[in-house]
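Enquirer: Here it is, the structure, as C-alpha cells.
There are 2 protein chains.
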Amino acid sequence: MSRLTIALDIMGGDHGPHIIFPAALTALQQTPHLHFIFCGPLTVMSKWLDKQLPDIQQRITLSDCPETVAMDDAPGHALRHKKNSSMRRILDLVENNDADACVSGGNTGALISMAYYVLKTLPGIVRPALVTLVPTLNNGNVYFLDLGANISCDSEVLFQHAVMGSVLAEQVAIINEPKVGLLNVGSEEIKGNDQVKQAARLLTESKDINYIGFVEGNDIFSEKANVIVTDGFVGNVALKSWEGLVNFVIQEVKNASQRSWGSKVLAKLAMPLFRSIFKRMKPDQYNGASLLGLRGIVVKSHGNASSKAYLYAIREAIQQVELQVPEKIKDRIAVVLK
Amino acid sequence: MSRLTIALDIMGGDHGPHIIFPAALTALQQTPHLHFIFCGPLTVMSKWLDKQLPDIQQRITLSDCPETVAMDDAPGHALRHKKNSSMRRILDLVENNDADACVSGGNTGALISMAYYVLKTLPGIVRPALVTLVPTLNNGNVYFLDLGANISCDSEVLFQHAVMGSVLAEQVAIINEPKVGLLNVGSEEIKGNDQVKQAARLLTESKDINYIGFVEGNDIFSEKANVIVTDGFVGNVALKSWEGLVNFVIQEVKNASQRSWGSKVLAKLAMPLFRSIFKRMKPDQYNGASLLGLRGIVVKSHGNASSKAYLYAIREAIQQVELQVPEKIKDRIAVVLK
C-alpha cells in the first residue's frame with residue numbers, strides 16, 4: 013500500500029504533545045504505511061523523537077513552527093498573524109500535497125477560518141461544515157452537523173450540508189441510502205423558520221438524498237436518522253449542552269453517593285458501568301469532528317481529548333484519506349446540483 | 013385569605029383526567045383557599061365529582077366544553093375552530109377574571125396561539141415567552157427561555173425575555189439581582205449572530221438587569237446564571253434534546269445491566285439512585301412551563317406529566333397568582349423601557 017501521510021498540529025489542544033505523541037506512536041504501530049509530519053517547536057519534538065526506535069524515527073518528519081495559535085486567539089487574528097503556527101503549517105502541507113490529511117486539537121474557530129482560507133471549498137460548495145458522530149440507541153450513531161462552522165445557514169447551505177453528511181454516512185459508516193433528517197421544533201411541515209422550510213423543499217425534491225423529513229431534539233439520540241442537519245448556532249449550543257448535561261449527571265451521581273454509607277458503596281460499585289456509558293455521551297471528545305466540503309481532509313480533535321480520543325481523530329483522518337471523502341463529496345455535489 | 017381560583021383544562025395532556033383529578037385533589041387539600049374550575053366534557057367531570065366529599069365538591073365548579081384540542085391540531089386551526097374547547101375556555105375564564113390563572117397539559121403550539129390571542133401581551137411586551145426551570149449543580153436551578161413560543165427572536169424580543177426571566181427569578185425564586193446570561197456559541201463579544209450581539213448591547217446598557225454576558229451550552233447546567241435567554245428554536249431543540257439524552261442514558265444503563273450477572277445486580281441496586289437524578293433532568297416534565305408576558309397567568313404542564321408533576325404545575329400557577337407575577341413584569345418593563 014502506498015505511503016499515507018498525516019500532518020499533526022503538536023501544539024493544539026489543552027494537553028498538547030503529552031497526549032499527541034503516544035497517540036501517534038500507537039497509530040504508527042497499527043498502520044504500517046502511515047507517516048506523520050509533526051508540526052510544532054523543533055526542540056519539543058526532537059527531544060521526544062530522539063528516544064524512539066529507528067523504524068519510528070524514519071516515519072516521522074519534523075516541521076519547525078515557532079508560533080502557536082492560542083485557544084483564545086480570535087480567528088481573524090490567527091489567520092492574519094499566525095502564518096508560522098503549527099495549525100497553519102498542517103493546512104499548508106495538505107494544500108501543497110505534502111500531507112494527505114491533517115489533525116489539530118486547537119482553537120476550533122481559528123482552524124475553521126484558516127482551513128477555509130488555505131484549502132478553499134470544493135467546487136459548488138458554499139460553506140464547509142463541522143460534523144461529529146453522536147451515539148444513538150442500540151450502539152448506533154448519527155452524523156450531526158453543523159457544529160459551529162456557520163453561525164447562520166441559509167437553505168442552500170443546509171441542503172449542501174445534508175448532501176455532505178449523506179456522503180460521509182455512505183462512505184465511512186457504509187450505510188446504504190442513509191436517512192437524512194432536518195432538525196426542527198416540530199415534525200409537521202408548517203413548523204420552523206424559513207431556512208428550514210425551504211431546505212426541506214430542496215431535500216424533498218432531490219432524488220439523490222434519502223430525506224426523511226423534520227426530526228426534533230428528542231429524536232437525535234434515537235435511531236430515526238443517520239444524518240441530522242442543523243445550523244451552526246443550534247448545533248454548537250446543543251453539542252455543548254450535552255457535554256454540560258453529562259458532566260452534571262456525573263456530579264449528581266457523586267453527590268448522591270455521599271448521602272449514606274449504602275449509597276456510597278453502591279455508587280462506587282456501579283461507577284464503572286456508568287463511566288463507560290457517559291464516555292459515549294461526549295461525542296466530539298470521543299470521536300473528534302471533521303471539516304467537510306474543503307479541498308482537503310481536516311480532522312478536529314477535542315481540545316480536552318485523551319490519547320485514546322486523539323487516536324480516534326487520527327484514525328478518522330486515515331479513513332477519510334483511504335475512502336477519498338472529498339472526491340466523493342465533490343462527485344455527489346456535481347450530480348445533485350446538475 | 014381570599015379565594016384563589018384556577019381553571020384546569022381537564023382534557024389536555026396524554027393522560028387527561030386520569031392524572032389531573034388526583035393532582036387537583038391534593039392541591040385542594042394543601043391549599044385551603046383554593047378553588048378550581050374544571051373545563052372539559054360534563055359527563056366525565058361530574059362522574060368523578062359525584063364521588064368526592066361535600067367540602068371538595070363545593071370548591072370545584074364544572075364548565076362543560078364539548079370540544080377538545082387534539083395534540084396534533086395546528087395552532088391556527090385550534091384558534092379558529094376550537095372556540096368551545098377546554099383549552100380555550102380556561103383562557104376565556106382568565107380573561108374575564110373568573111379565574112386567577114389557568115393550567116393545561118395540551119398542545120403547546122395551540123395553547124401559545126390561543127393565549128396570545130385571548131389574553132394579549134402586557135403593555136410594551138412584543139411577544140410572550142415560554143419558560144421552565146432547569147436543574148443546575150448543587151441543587152440549584154436556572155430559568156431557561158424561550159422554549160418555542162417564538163421561533164425567531166429579534167434583539168428586542170431577546171432583551172424583553174431577559175427582563176421577564178429576571179422578574180420571575182426575583183419574585184418566585186427570591187434571588188436578589190439574578191444573573192442573566194445570553195446563550196451563544198462562545199463567550200467573547202465578537203461571537204454569535206446579529207440578534208444576539210445587539211441584545212447583548214441592550215442588556216449591557218440597561219441598569220435594571222444584572223447581565224453577566226454570553227453563556228455557552230455547557231454553562232446551562234452550571235451555576236453560572238439564574239436566567240438564560242435564547243430564541244425559541246434553540247430553546248426548543250435544546251430542551252427536547254436533553255429529554256432524548258436522558259432517555260438514552262436510562263436505556264444504556266438498562267442495556268449495560270444485561271451484560272453480565274454482576275452488572276445486572278449492580279444496576280438493579282443502583283437504579284433508585286440514578287432514577288432520582290434522571291427525574292430532575294426532565295425539567296419541563298417535572299416543573300411545567302409558564303407563559304410570560306401575557307395579561308394573565310398560563311402554566312403549561314408537560315403532556316406526559318404524572319399526577320405529581322401536574323401538581324407542580326398547579327403550585328406554580330398558585331405561586332404566580334400570589335406573587336402577582338404579571339403585574340411585576342408590567343412594572344419592570346415600564347421602568348426598563350422608560
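Just so you know, the protein sequences line up as chains A and B, in that order. Mapping of the first sequence onto the working numbering: residues 13 to 350, in sequence order. Mapping of the second sequence onto the working numbering: residues 13 to 350, in sequence order. Glycine residues also receive a C-beta, built at the ideal position from the N, C-alpha and C atoms.
#1: Please say whether A/L105 and A/Y129 have beta carbons closer to each other than 7 Å?
#2: Please return the same chain residues whose Cβ sits closer than 6 Å to the Cβ of A/H47, not counting the five positions on each side in sequence.
#3: Since A/N153 sits in a beta bridge, which residues does DSSP pair it with?
#4: Cutting at 6 Å between CB atoms, please list the residues of its own chain near A/F226, excluding the five before and the five after it.
#5: Taking 7 Å as the limit between beta carbons, can you name the residues of its chain near B/A279, skipping five residues before and five after?
#6: What is the rounded straight-line gap between the Cα of A/V249 and the Cα of B/A111?
#7: Along the chain, where does the beta strand (DSSP E) containing A/D76 start, and where does it finish?
#8: Could you tell me whether the Cβ atoms of B/N316 and B/D26 are closer together than 7 Å?
#9: Look up B/N238 in the DSSP assignment and say whether it is helix, strand or coil.
#10: For A/I163, name the three-state secondary structure that DSSP assigns.
#11: B/P87 to A/L180, Cα distance in whole Å?
#12: So with CB distances below 9 Å, who are the chain A contacts of B/K252?
#13: Only counting the same chain, and skipping five residues up and downstream in sequence, which positions put a Cβ closer than 8 Å to that of B/V347?
#14: Ignoring anything shorter than 3 residues, give me the beta strand (DSSP E) runs that lie fully in the stretch 286-333 of chain B, in order along the chain.
#15: Following the continuous beta strand (DSSP E) through B/N222, name the residue where it begins and the one where it ends.
#16: Are the stretch 41-56 of chain A and the stretch 332-345 of chain A touching by the rule of at least three beta carbon pairs closer than 8 Å?
#17: Check the DSSP bridge columns for A/D412 and list the partner residues they point to.
#18: Residues in the stretch 113-141 of chain A with C-beta within 7 Å of chain B's C-beta atoms, listed in sequence order?
#19: Whether or not the stretch 28-43 of chain B and the stretch 119-135 of chain B are in contact is what I'm after, with contact meaning three or more pairs of Cβ atoms, one per stretch, closer than 8 Å; do they touch?
#20: Straight-line CA distance for B/V138 to B/D166?
#21: Name, in chain order, the residues that DSSP records as bridge partners for B/S116.
#22: Considering only DSSP beta bridges, list what B/A141 is partnered with.
#23: Mind reading off the beta-carbon distance from B/N150 to B/E235? Whole number of angstroms is fine, and I expect it under 8 Å.
#24: If I measure Cβ to Cβ from B/V81 and keep anything under 6 Å in the same chain, skipping five residues before and after, which residues do I get?
#25: What's the gap between the Cα of B/L251 and the Cα of A/N205?
#26: Since I believe A/L170 is in contact with A/A301 (beta carbons under 8 Å), could you give me their beta-carbon distance rounded to a whole number of angstroms?
#27: Residues of chain A with CB closer than 7 Å to the CB of B/V143, please, in chain order.
#28: Measuring straight from C-alpha to C-alpha, what distance separates A/I232 and A/I124?
#29: Could you give the first and the last residue of the continuous alpha helix (DSSP H) run that contains B/L103?
#30: Please list, in chain order, the chain B residues whose beta carbon lies closer than 7 Å to that of A/S218.
#31: CB-CB under 7 Å to A/K203, same chain, minus the five flanking residues each way: which ones, in chain order?
#32: Since A/G308 and A/M176 should fall inside the 8 Å C-beta cutoff, what is the C-beta to C-beta distance between them, to a whole number of angstroms?
#33: Residues of chain B with a CB under 7 Å from the CB of A/G160: which are they?
#34: Determine the chain B residues that contact A/F260 at a beta-carbon separation under 7 Å, and present them in chain order.
#35: Would you say B/F156 lies against chain A (beta-carbon separation less than 7 Å)?
#36: Is any beta-carbon of chain A found at less than 7 Å from that of B/G52?
Expert: So, from the data block:
#1: no
#2: R15, T17 and R71
#3: A/P147
#4: L194, N196 and S199
#5: V265, A268 and S269
#6: 39 Å
#7: I72 to D76
#8: yes
#9: coil
#10: coil
#11: 38 Å
#12: V197, E228, G229, N230, D231 and I232
#13: D220
#14: 301-304 and 309-312
#15: N222 to V227
#16: no
#17: Nothing about residue 412 of chain A can be reported from this structure: the residues present for chain A run from 13 to 350 only.
#18: none
#19: no
#20: 10 Å
#21: B/K312
#22: B/L304
#23: 6 Å
#24: A90, K94, S97, M99, G118, N119 and A122
#25: 18 Å
#26: That belief does not hold up - the Cβ atoms of A/A301 and A/L170 are roughly 18 Å apart, past 8 Å.
#27: Within chain A, no residue comes near B/V143; the closest Cβ sits about 16 Å away, beyond 7 Å.
#28: 25 Å
#29: S98 to E107
#30: Those do not exist, as A/S218 stays about 24 Å from chain B at its closest Cβ, beyond 7 Å.
#31: N196, V197 and F226
#32: That pair is no contact at about 14 Å.
#33: V197
#34: L149 and F233
#35: no
#36: no
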